[in-house]
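Enquirer: In our numbering, the protein residues as written are 55 to 219. Pasting a structure below so you can have a look.
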């Protein structure tokens, strides 16, 4: 009866012997490398983007770098790391590549929404910047919370207790 037997994974489902599964690292160095690739993409696409878009995209990458630098004080929160990785490897590159692939004659032509592709690009970059600012603020708040918690611990640890005889 096959119902009661443990099924073996198909050979294609198994990793080759002697190899470990590859996992993405959310270390500061790995995140910095992702950000550096995003910066390189923005710089390489600079000729296809409006100057304001290049500036806005670089503000996003600067904010991402600032988030990663908070890891110098304490480990980066998993949600912050996921946000940095997704923005640097997906959201920002997709936005830049999509605009850069447009016919240059169409970038200032209003579309059905009433927006030009250029205006839409700038709005998307503003959204990415706002999201990065929120992550940075949340990360900083966590640092403040950690400092306050440490202060409470030290007061309790080193001040006289009501339980002292």
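C-beta atoms are modelled at their ideal positions from N, C-alpha and C, and glycine is treated no differently. Just so we're clear, the structure is a prediction, and the values are computed from it rather than from any experiment.
From residue 134 to residue 148, what does the alpha carbon distance come to, in whole angstroms?
Expert: Rounded to the nearest angstrom, the two C-alpha atoms are 20 Å apart.
Enquirer: Rounding to the nearest angstrom, what Cα-Cα distance links residue 191 and residue 117 in this structure?
Expert: The straight-line gap from Cα to Cα measures roughly 10 Å.
Enquirer: Pull up the distance between the alpha-carbon of residue 171 and that of residue 103, whole angstroms please.
Expert: Going from the Cα of residue 171 to the Cα of residue 103 covers about 11 Å.
Enquirer: Got a sec, what are the start and stop residues for the alpha helix (DSSP H) residue 120 sits in?
Expert: Note, residue 120: alpha helix (DSSP H), 105 to 123.
Enquirer: Return the CA-CA distance between residue 181 and residue 203, expressed in angstroms with no decimal places.
Expert: So the alpha carbons of these two residues sit roughly 33 Å apart.
Enquirer: Does the separation of the CB atoms of residue 95 and residue 146 fall below 9 Å?
Expert: Yes, these two residues count as a Cβ contact at 9 Å.
Enquirer: Alpha carbon to alpha carbon, what distance is there between residue 119 and residue 132?
Expert: Near 15 Å, if we compare the C-alpha coordinates of residue 119 and residue 132.
Enquirer: Would you mind working out which of 86, 183 and 79 sits nearest residue 108, comparing C-alpha positions?
Expert: The option with the nearest alpha carbon to residue 108 is 183.
Enquirer: Enumerate in chain order the residues of its own chain whose CB-to-CB distance from residue 173 is below 7 Å, with the five nearest sequence positions on each side excluded.
Expert: The answer is none, since no qualifying residue turns up.
Enquirer: Within its chain, find whatever has a CB closer than 6 Å to the CB of residue 137; leave out the 5 residues flanking it on each side and keep chain order.
Expert: The residues are 189.
Enquirer: Applying the 10 Å Cβ sphere with the 16-neighbour rule, what's the burial state of residue 130?
Expert: Buried: at least 16 other Cβ atoms inside 10 Å.
Enquirer: Alpha carbon to alpha carbon, how far is residue 158 from residue 89?
Expert: One C-alpha to the other measures close to 27 Å.
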